[in-house]
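Okay, structure first, notes after.
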Amino acid sequence: MSFIRGRLPWGKTNLDSLLHSAILACLVASLSYLTARLGGLLVLRPQMLWALWPGCALLVAVLLLTPHRLWSIVLAAGLAGFVLYDAQAGLTLRPTVILIVSDTVEVLIAAFGVSYFFSGPVRLNSVRSLTRYSLFAVLLAPLAAAFIATAAFSGDYWIRWRIGFFTEALALLTVTPAILSWASIGLTWSRKSRAFYLEATALIAGLSILGYVAFAAPKQISSPVLLYSLLPILLWSALRFGLAGISTSMVLVALLSIWGAVHGRGPFTTSEPLTNVMSLQLFLFFTAATFMLLAVLMEEQKRTERAFRESEKRFRLMADTAPALIWMAGPDKLCTYFNKPWLDFTGRSIDSELGNGWTEGVHSEDLQRCMDTYSRSFDVREEFRMEYRLRRYDGEYRWVVDIGVPRFDQDRSFIGYIGIGIDMTERKRAEEALTNVNRRLLEAQEKERTRIGRDLHDDIGQRLALLAVELEQLHQDPPNLPRIRYRIGELHKQTSEIATDIQSLSHELHSAKLQYLGIAAAMRGFCREFAQQQKVGVDFKTHDLADHLSPDISLCLFRVLQEALHNSVKHSGARHFEVRLWGTSEEIRLTVSDPGVGFDREAAKQGPGLGLVSMEERLKLLNGTLAIVTQPEKGTAVHVSVPLSPGSDSIRAVG
310 MSFIRGRLPW GKTNLDSLLH SAILACLVAS LSYLTARLGG LLVLRPQMLW ALWPGCALLV
370 AVLLLTPHRL WSIVLAAGLA GFVLYDAQAG LTLRPTVILI VSDTVEVLIA AFGVSYFFSG
430 PVRLNSVRSL TRYSLFAVLL APLAAAFIAT AAFSGDYWIR WRIGFFTEAL ALLTVTPAIL
490 SWASIGLTWS RKSRAFYLEA TALIAGLSIL GYVAFAAPKQ ISSPVLLYSL LPILLWSALR
550 FGLAGISTSM VLVALLSIWG AVHGRGPFTT SEPLTNVMSL QLFLFFTAAT FMLLAVLMEE
610 QKRTERAFRE SEKRFRLMAD TAPALIWMAG PDKLCTYFNK PWLDFTGRSI DSELGNGWTE
670 GVHSEDLQRC MDTYSRSFDV REEFRMEYRL RRYDGEYRWV VDIGVPRFDQ DRSFIGYIGI
730 GIDMTERKRA EEALTNVNRR LLEAQEKERT RIGRDLHDDI GQRLALLAVE LEQLHQDPPN
790 LPRIRYRIGE LHKQTSEIAT DIQSLSHELH SAKLQYLGIA AAMRGFCREF AQQQKVGVDF
850 KTHDLADHLS PDISLCLFRV LQEALHNSVK HSGARHFEVR LWGTSEEIRL TVSDPGVGFD
910 REAAKQGPGL GLVSMEERLK LLNGTLAIVT QPEKGTAVHV SVPLSPGSDS IRAVG
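As structure tokens, then:
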């Protein structure tokens with residue numbers, strides 16, 4: 310049972326495939342037979358001249374619309390339909406065989422040649438695709454078939470060869486493209502509006518009436534001049550309905566004109582039959598080729614326009630969601646587009662901004678410079694960059710950096726500019742603020758140099774000068790051993806004090822202990838010297854420090870300690886201070902606290918002092934943090950933390 314169940318799907322699939330193939334074969338055979346009968350109605354007797362034979366054109370279209378694996382079935386069924394018609398028409402065996410061989414050669418050359426160049430469905434919607442189709446289907450296939458089919462009939466071989474060539478070429482130029490076009494756009498046309506179908510009906514009706522009058526009406530009504538009346542209808546068909554419309558229209562014109570010629574009506578009955586048929590074929594062939602080429606060119610143009618509109622739509626969607634101000638201008642320097650962020654920024658409508666309306670929002674002090682840059686860049690077709698103040702919807706002028714680049718089409722013709730503007734106000738303020746930090750640091754350095762210079766000149770220098778004077782007096786005084794000993798003792802004391810003050814000043818500028826003994830020893834020594842110099846108490850404690858700290862971290866913490874203690878002594882009013890230095894696995898921390906009067910931190914930052922700014926900037930360079938806990942009359946605590954793996958920035962330049 311399992312074996313049977315496993316075989317059932319396979320058997321059912323094969324049965325379905327065979328049934329579908331059989332239905333397809335019957336359908337193709339029936340259509341081929343009916344098409345052959347239609348061709349029989351268009352033959353000029355008794356000369357047996359066909360102006361158009363639609364049978365092979367139909368078979369080529371069916372092959373191009375079916376998978377290659379079914380081609381043998383389709384071809385056999387189509388040829389069977391042709392044979393059935395030939396038998397009913399009374400053709401003998403020889404011409405029947407010759408015509409079937411000719412049809413086979415023609416169909417195979419056209420079908421294989423066209424399918425070779427089209428990897429998917431055959432769509433004749435470009436000059437390139439129409440040219441490839443025409444090479445095999447309209448030129449090579451009829452050319453080969455005409456050499457074979459001409460042998461089936463008597464008469465002048467080359468005249469019949471020319472007629473036979475255009476008989477097949479004309480059908481393959483009109484009938485096959487019409488079938489392929491309708492097959493490819495059928496679903497699209499099903500979604501068209503009622504007005505579209507009314508227009509198509511009016512076109513077919515008008516063409517049928519004018520075609521009948523021009524080709525099939527009695528001779529007293531028809532006139533060769535009426536052929537020109539078809540041109541507006543054919544032009545309408547090509548421009549509005551594309552290749553499907555013009556190929557269908559040409560099939561209708563061909564049927565009416567051939568039917569009229571067969572029945573002795575229309576402009577192609579004035580000469581002998583061979584000449585009439587040739588004239589009719591040339592008229593239909595070149596009319597169809599001209600209008601089909603026009604239709605394809607128009608479809609290419611429409612496709613290009615649709616692609617451009619889609620591209621512009623995508624661009625506008627992207628531009629409207631972009632966090633930037635985007636604009637476009639034509640070659641006349643007038644703006645043609647602003648994105649939604651621009652309109653939201655200015656609070657103005659698109660109509661107000663177009664042309665030169667956008668300049669109304671530019672600050673008056675920047676307008677002339679802005680327009681000079683804008684116009685000069687347009688004249689030389691170069692990229693430009695300009696900064697100006699643009700009025701925002703709330704009335705505030707914001708700094709905008711605007712970059713414009715020239716635009717060119719495919720043939721390198723200048724078509725205008727596209728630009729992008731970015732609000733740079735906050736960045737500009739940050740740069741200005743950074744500049745003011747830098748300026749204050751330079752001022753702090755100059756202030757420190759001034760202090761050191763003043764100390765050296767007013768204090769150390771004066772004391773050394775006094776020491777020199779006293780030594781000179783000692784040298785000039787008469788010898789008096791007790792007095793000399795006393796004076797030498799005083800001078801020794803002064804010298805020691807001067808040396809101590811110079812050492813203290815030197816340590817503030819550069820601590821040798823920091824370099825050779827480490828941060829803990831350097832801070833302990835500085836706290837001791839600072840306490841002695843300022844006559845205050847400094848309690849320094851440290852624990853859990855890493856063995857080795859980077860020079861940048863050590864120098865930063867040492868300078869922060871110096872600045873914090875100097876500020877505390879100067880502003881807190883306290884006489885005792887605590888310093889704590891310790892480390893964790895991730896960072897090193899420093900705390901400097903006092904029980905003094907405290908202060909308002911924001912007010913202090915706005916004041917002339919630079920201590921807080923200096924400490925913050927030093928710590929920023931090492932990704933460190935500064936926290937100050939203070940309240941009036943409740944003391945102050947400065948908390949500093951620096952990560953043990955800081956960035957690559959160095960503070961040596963400001964150390």
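Everything in the sequence shown is counted per our numbering, starting at 310 for the first residue and increasing by one.
Backbone N, C-alpha and C define an ideal beta-carbon position, used for all residues, glycine too.
For clarity, every value in this text was computed on a predicted model and none was experimentally measured.
- The C-alpha of Leu328 lies about 38 angstroms from the C-alpha of Ile513.
- Less than 9 angstroms separates the beta-carbon of Phe886 from that of Asp903.
- A straight-line Cα-Cα distance of about 11 angstroms links Leu634 and Leu699.
- Taking all protein chains shown into account, Asn665 has fewer than 16 neighbouring C-beta atoms within 10 Å of its C-beta and is therefore exposed.
- Straight-line measurement puts the Cα of Gly515 at about 11 angstroms from the Cα of Ser558.
- Excluding residues up to 5 positions away in sequence, Pro640, Arg690, Pro715, Arg716 and Phe717 lie with their Cβ nearer than 8 angstroms to the Cβ of Phe723 in the same chain.
- The beta carbon of His948 sits closer than 6 angstroms to the beta carbons of Thr900 and Ala936 from its chain, once the five residues preceding and following it are set aside; these are given in chain order.
- Short of 8 angstroms from the beta carbon of Phe594, and not among the five residues preceding or following it, lie these beta carbons of its own chain, in chain order: Phe475, Ala478, Leu479 and Leu482.
- When the Cα atoms are used, Gln610 and Val423 turn out to be separated by approximately 24 angstroms.
- When only Cα atoms are considered, Leu548 and Ser330 end up about 39 angstroms apart.
- Sorting Leu561, Pro486 and Asp853 by C-alpha distance to the C-alpha of Thr440 places Pro486 at the top.
- Contact between Val605 and Leu433 holds, since their C-beta atoms are separated by about 7 angstroms, short of 8 angstroms.
- Under the DSSP assignment, Leu699 falls in the beta strand (DSSP E) whose first and last residues are Phe693 to Arg700.
- Taking a cut-off of 8 angstroms for Cβ pairs, the stretch 891-898 and the stretch 852-869 touch, as three or more such pairs fall below it.
- Assignment of Arg469 by DSSP, reduced to helix, strand and coil, places it in the helix class.
- Looking from the CA of Gln719, the closest CA among Pro527, Arg678 and Phe617 belongs to Phe617.
- As computed with DSSP, Cys644 is found in a beta bridge with Ala638 and Gly664.
- For His948, the beta-bridge partners assigned by DSSP are Thr900 and Ala936.
- With a beta-carbon spacing of about 6 angstroms, Leu519 and Ile542 fall inside the 8 angstroms limit used to define contacts.
- Nearest neighbour of Val406 by Cα position, chosen from Ile457, Thr584, Val431 and Phe849, turns out to be Ile457.
- The beta-carbon separation of Thr579 and Ala570, rounded to 10 angstroms, does not stay under the 8 angstroms limit for a contact.
- The residue among Glu692, Tyr726, Ala338 and Gly730 with its C-alpha nearest the C-alpha of Val710 is Gly730.
- Taking all protein chains in view, the Cβ of Asp465 is surrounded by fewer than 16 other Cβ atoms within 10 Å, so the residue is classified as exposed.
- Shown here, Thr851 sits in a strand according to DSSP, grouped into three states.
- Within 10 angstroms of the beta-carbon of Phe505 lie fewer than 16 other beta-carbons, which makes it exposed.
- For Trp380, the enclosing alpha helix (DSSP H) starts and ends at Trp380 to Gln397.
- At a Cβ-Cβ threshold of 9 angstroms, Leu340 and Leu351 do not count as neighbours.
- Given a length threshold of 4 residues, each whole run of the alpha helix (DSSP H) inside the stretch 389-463 is given here in chain order: 402-426, 436-442 and 450-458.
- Residue burial annotation: Val586 is buried, with at least 16 other C-beta atoms found within 10 angstroms of its C-beta.
- Arg618: member of the alpha helix (DSSP H) spanning Pro582 to Thr630, first to last residue.
- Boundaries of the beta strand (DSSP E) around His885: His885 to Gly892.
- Contact between Asp853 and Gly892 is confirmed by a C-beta separation of about 5 angstroms, below the 8 angstroms threshold.
- Between Gly390 and Tyr342, the gap from beta carbon to beta carbon is short of 9 angstroms.
- By the CB criterion at 9 angstroms, Lys850 and Arg889 fall inside the cutoff.
- Taking the CA atoms as reference points, Ser493 sits about 28 angstroms from Leu452.
- In the structure shown, Arg716 adopts extended strand secondary structure according to DSSP, grouped into three states.
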